[in-house]
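Reviewing the structure listed below.
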Amino acid sequence: MHRRVYLATAGSAALAGLAGCTVVGDVGEQVFGESEYDIGMTRNEFLPAEYETTVGEPVVWKNTSESIHTITAIEGRLPDGAEYFATGGHDDQESAEDAWHDDHGGAIDIRDTFEYTFEVPGTYHYICVPHVGGGMVGRVVVTE
4 MHRRVYLATA
14 GSAALAGLAG
24 CTVVGDVGEQ
34 VFGESEYDIG
44 MTRNEFLPAE
54 YETTVGEPVV
64 WKNTSESIHT
74 ITAIEGRLPD
84 GAEYFATGGH
94 DDQESAEDAW
104 HDDHGGAIDI
114 RDTFEYTFEV
124 PGTYHYICVP
134 HVGGGMVGRV
144 VVTE
């Protein structure tokens, strides 16, 4: 009798432990055997958090979550000579953040993509403005 109680308790505990492990969204969605994007977005993280590419190769982000996001470069953490980038086409971090706080400007909607081509080698740091407090940060490392 004790064995059945133990097994029932252990099984319930295992299921409870897995309750939060489901992934909402299509992170890793494949099209014809190749990913249709390079970086996905969950509710509060970029996947992968660090992505490596080469100069001139486009990088595609896809909002794979059920929340809206931004991709906003951290102005002081760009390589020398690199152009600023952000969803919404903003020229600097302050205007990108202001646009988000004013009316969700620069938002990348659910299932939408954003593409950017890096022309200067180096490490580019970026954030999601509404979710940076939860740790939604990423970086792209660009080599020659």
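Numbering-wise (my numbering), the sequence shown opens with residue 4 and increments by one. Beta carbons: idealized from backbone N, C-alpha and C, even for Gly.
Residues of the same chain with a CB within less than 7 Å of the CB of Phe49, apart from the 5 flanking positions on each side, are Ile42, Met139 and Gly141 in chain order. Here the segment 77-87 does not lie against the segment 48-68, with fewer than 3 beta-carbon pairs under 8 Å apart. Take Val144, set aside five residues on each side of it, and the residues of its chain with a beta-carbon closer than 6 Å to its own are Glu55 and Thr126, in chain order. Counting only the Cα atoms, Asp94 lies some 15 Å from Ile130. Per DSSP, the unbroken alpha helix (DSSP H) holding Glu97 starts and ends at Gln96 to Asp106.
The C-beta of Ala52 has fewer than 16 other C-beta atoms within 10 Å across all chains shown, which makes the residue exposed. If you look at Val132, you'll find it isn't in any beta strand (DSSP E); DSSP assigns it neither H nor E.
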